[in-house]
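Let me begin by presenting the structure, written as structure tokens, before commenting on it.
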Amino acid sequence: MSPGENLAVRRQMLEVPVSLTNIIVDLTTAIFALGLHQEPKNDVEIPFFLLEIRRKLFWFSYLLDKNFATFFGRPPMINGKYCSCKMPLDLEESQLALGGEELEQVLGQLDADGWNASGPVVRSSWLRGTIISTKIREEILELSLGPDEADLQNKAR
Numbered sequence: 170m171s172p173g174e175n176l177a178v179r180r181q182m183l184e185v186p187v188s189l190t191n192i193i194v195d196l197t198t199a200i201f202a203l204g205l206h207q208e209p210k211n212d213v214e215i216p217f218f219l220l221e222i223r224r225k226l227f228w229f230s231y232l233l234d235k236n237f238a239t240f241f242g243r244p245p246m247i248n249g250k251y252c253s254c255k256m257p258l259d260l261e262e263s264q265l266a267l268g269g270e271e272l273e274q275v276l277g278q279l280d281a282d283g284w285n286a287s288g289p290v291v292r293s294s295w296l297r298g299t300i301i302s303t304k305i306r307e308e309i310l311e312l313s314l315g316p317d318e319a320d321l322q323n324k325a326r
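Numbering (the numbering used here), first residue to last: 170 to 326.
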């Protein structure tokens, strides 16, 4: 393969398919239009399982957006600075359907930050850890894809 052909192949690999971009844009628009990026007000009564599913939906979308931005070297579309959605609690999926005293007992096992320090590592544990690392990656993306800064080293600290 000649250098020119190699460059053309590389360029084609890095191009973002239009359909994929449209899906990410539509997802981001829906997230903001539905208000999933904001934690519901205290006066709004939402069943516990729906609240947790809502949080997971937002955070999976957030993670997808940051993966897309990282892979293609493009700015993310969901800026965490405008989002107040809390992380989902460190619970097993089956525990989301509990109610009454059973739910209170399970919630009582969580620490102040929503982690279950005494229970097994479950999907939500991995999701929460990934959210924390992805928030750091968002800051790195901001530094690497943002305008050139004369004082980049100090800003990175």
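Where a beta carbon is used, it is the ideal one built from N, C-alpha and C, also for glycine. Model, not experiment: these values are computed from the prediction.
- Per the C-alpha coordinates, the member of Leu260, Ser302, Arg306 positioned closest to Val290 is Leu260.
- Taking the Cα positions, Ser253 is about 15 Å away from Ile222.
- In its chain, beyond the 5 residues on either side, Glu221, Arg224, Lys225, Ser293 have a beta carbon closer than 6 Å to the beta carbon of Pro257.
- The segment 268 to 288 and the segment 234 to 242 do not touch, with fewer than three beta-carbon pairs separated by less than 8 Å.
- Per DSSP, Gln274 is one residue of the alpha helix (DSSP H) stretching across 269 to 277.
- Cβ atoms of Phe218 and Ile200 stay farther apart than 8 Å, at about 20 Å.
- Here Gln264 has Val275 as same chain residues with Cβ atoms under 7 Å from its own Cβ, once five neighbours each way along the sequence are excluded.
- Measuring C-alpha to C-alpha distances from Gly269 to each of Pro216, Leu205, Asn191, Met246 identifies Pro216 as the nearest.
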